[in-house]
Structure formats: structure tokens, C-alpha cells
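Since the structure comes first, as C-alpha cells, the remarks are kept for the end.
Numbering (my numbering), first residue to last: 61 to 437.
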């Protein structure tokens, strides 16, 4: 890749060419690459084992008709897109695969993919749907089993000191990301939502030690720029997987500013440090299971999660919320009606965009975004 790029420009390039850098790293280091899907299987464990973690992402607008022979057409379009990347050979650099049971469609992807296209290493990372003491113990054992299983790929036995080191490196990046998010508290914000998404996407496909200098460059660049003008309506984006900054750019072109988010590649996973505990598995359990606000996990009354989103909206002084839900995403669709009503009671309007993981700037979506943002003005 172009090594002359720095900061936000480099992040945008990596986000748009996600496999290029990991192919280079694999060639330079000789380390195996393990693809992971969803946040529950910690990338820190993959790194500590000696492998390179790579978050699997799709390619919006790509054709996926070849997937029909393997997955039902009425299934999650994001999962179908991931499957299409494998069928087209675009993930041929992967040496291993770990998929978390975050939803039934993703678990189905694991079974089909490993049956037809087996990797030298593959694992289904089981995740309970409740937060009972038993469920937390189960998740803790899964973390142990996951780390132990990676030895068959890397040849490295589990090393808790190595894992603690990876957690510390990951937390250093979280501190820098929080600093960037604080710059979005200003009105107008110093960094666009699309730029922040490019940074987080880049961080999901490169090692933590390479992400750190990239974040520092971006932070220095943003601190020394003038604020964006004018001060347009401030928005929070909530919903399904968003692994492309196109949707954020559509909002910006419609006259809005995304200053906060609640998505699984966004601030949801970067907001808090992983607790530094004597047993690193305990800290990972707290971060990726107990504290991770994903609607696929039953935390009791939904009001707890809705209040979490409302608190975020108030902290960033947003004028409205835009929900983005991929077709057939049951966990988020079940949350939406109650979340909408909860925000309405707090005088916070919400717009829902139901999409098939295309991010296509069609006239329908553009018109709805423009109308919503104009209403907020």
C-alpha cells in the first residue's frame, strides 16, 4: 500500500482496501491470519496466540447470487455478503476462522462454510444469551478453550502474560479513540462521522500496535484543523452492523453531522477499557460479554439498554437518532419499536432506515434522510 499516506487519509485507504495490508503483514511476518466475525471472540486472544486477527467484513453492493445455493435468500444480507466473499476467493489469505454465535444466521454461516470450505483451523465461539452466573462461567470457559485451540494453528501454548500485554495495547488504543470522540462533543465537531468510521474500520483489520500510531496521527491532524461549518443537526446512529462509511457520508451530504453511535464496530466496543485483572480472562469476560450492549443478549427489561442509548444521546447533545437495520436482523428489529417509543418520550425523534446491506444512495433513502434532517433544523 501507499506508505506515504498518514492519519485520516491512510485510515480511509485501509478501510477501502481492507485485505491489502493484512496480506502484506502475513507475507512480512509469516504469521497466520485468523478471521473473526462479531465482537464476542476477543481479537486480543488471537494476537496473543501469535496470529493476526482480521475482522470479516462485507462489500456492500457486491453481487451475492452465487450464495443462493448455500444460504436461503431471505436470510441476513450481511451474512450472505460475507459468504460471497469466501466463494469469490477474496478471503484466500485466511488460515483460520472463528465465528461467534451472536445470532442464528451467523451460526448457520459457520456450519455451511466449514462444511464446504474447511480451514486448517476453525472454531464456533459459543456465547450464552443471558447474563446469569452460570452463563458468565460458561463464557469464561469458552475464552479458555478458544485460546487453547489456537495452539493447533500457531504452535504457541496459551501465555497469560502475552494476553495481558495485548489487552494493554488494545486499551491504549481505546484511550486514543475516546479522545477522538471527545472532540465530537464540540459544536460543530472537529471530526466527521465518516472519518471516525474509517478509523475504526481500519483498526478492525490491522494489529493493535499498528493502529496506535495511526490514531495518534489522526488525533494530531484533527486537533489542528478548523471546525466544520455550519453547525448542522447533531445525530446518533444506532443499529445493525455498519462496516462501511458510505451511510455516514450520505447523512453528511443530506446536511447532518453524526457525532455519536451505538454500533458493534463503532463506540460500543471501544468505549471502555478491558479491565486489567490478575486473570485476564475475567477482564475479557466483563468487557466482551457482561458490559457489551448488544441486543442479542437478554439483559432483562430493555429499558436498561434504551437508557444507555439515551444517555449517549444526551452526552453528545444530539438532535435526533437514525437507526440503520439490515433486512432480517431480528435482534435489532425486536428492539426498534420500544426504543423508538422510549426516545420519543424523551422528545428525541428517530428515523429508521431498513436496508439490504447495500448502502446505495437511492432517492428513497436520500429523500428520507433529507426530510428528517430538515425537520430537525
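Even glycine gets a Cβ: it sits at the ideal position worked out from N, Cα and C.
Nothing here was measured: the structure is a model prediction, and the numbers come from that model.
{"Asked": "Every unbroken beta strand (DSSP E) inside the segment 279–324 [3 residues or more]", "Found": "294–299, 317–322"}
{"Asked": "Start and end residues, alpha helix (DSSP H) containing residue 130", "Found": "Per DSSP, residue 130 belongs to no alpha helix (DSSP H) and is neither H nor E."}
{"Asked": "Sheet register partners of residue 115 (DSSP bridge)", "Found": "96"}
{"Asked": "Residues near residue 319 by beta carbon distance below 6 Å, same chain, minus five either side", "Found": "244, 249, 294, 376"}
{"Asked": "Three CB pairs or more closer than 8 Å across the segment 266–274 and the segment 356–368", "Found": "no"}
{"Asked": "Supposed close pair residue 386, residue 417 - CB separation, criterion 8 Å", "Found": "5 Å"}
{"Asked": "8 Å Cβ shell around residue 190 - same chain, five flanking residues per side excluded", "Found": "357, 358"}
{"Asked": "heavy atom of the ligand MN below 8 Å from residue 138 C-beta", "Found": "With respect to the ligand MN, the structure offers nothing, as it holds no ligand at all."}
{"Asked": "Residue 181 (DSSP reduced to helix, strand or coil)", "Found": "strand"}
{"Asked": "Same chain only: Cβ atoms within 8 Å of residue 179, ignoring 5 sequence neighbours per side", "Found": "154, 155, 156, 157"}
{"Asked": "Distance between residue 175 and residue 428 (C-alpha atoms, nearest Å)", "Found": "42 Å"}
{"Asked": "For residue 410: DSSP bridge partner residues", "Found": "381"}
{"Asked": "Those residues which DSSP pairs with residue 156 across a bridge", "Found": "94, 181"}
{"Asked": "Rounded C-alpha distance that separates residue 116 from residue 403", "Found": "32 Å"}
{"Asked": "Counterpart residues of residue 363 in DSSP-defined beta bridges", "Found": "In the DSSP output, where bridge partners are listed per residue, residue 363 has none listed."}
{"Asked": "Limits of the unbroken alpha helix (DSSP H) element including residue 137", "Found": "137–147"}
{"Asked": "Per DSSP, the bridge partner or partners of residue 415", "Found": "386"}
{"Asked": "Cβ pair residue 382, residue 412 closer than 9 Å", "Found": "yes"}
{"Asked": "Same chain, Cβ closer than 6 Å to residue 330, neighbours up to 5 away in sequence not counted", "Found": "234, 237"}
{"Asked": "Cβ contact check for the segment 281–291 and the segment 138–151: 3 or more pairs under 8 Å", "Found": "no"}
{"Asked": "Reduced DSSP secondary structure (H/G/I, E/B, other) of residue 190", "Found": "strand"}
{"Asked": "Proximity below 9 Å, CB of residue 251 to CB of residue 261", "Found": "no"}
{"Asked": "Buried versus exposed call for residue 194 [16 or more other C-beta atoms within 10 Å across all chains shown]", "Found": "exposed"}
{"Asked": "Supposed close pair residue 181, residue 145 - CB separation, criterion 8 Å", "Found": "Actually they do not touch by this definition, with Cβ atoms about 18 Å apart."}
{"Asked": "Backbone secondary structure at residue 339 - three-state DSSP", "Found": "coil"}
{"Asked": "Residues bridged to residue 358 [DSSP beta-bridge criterion]", "Found": "190"}
{"Asked": "Segment limits, alpha helix (DSSP H) that includes residue 329", "Found": "327–330"}
{"Asked": "Nearest residue (CA-CA) to residue 322, options 373, 305, 349", "Found": "373"}
{"Asked": "Reduced DSSP category for residue 80 - H, G, I as helix; E, B as strand; rest coil", "Found": "helix"}
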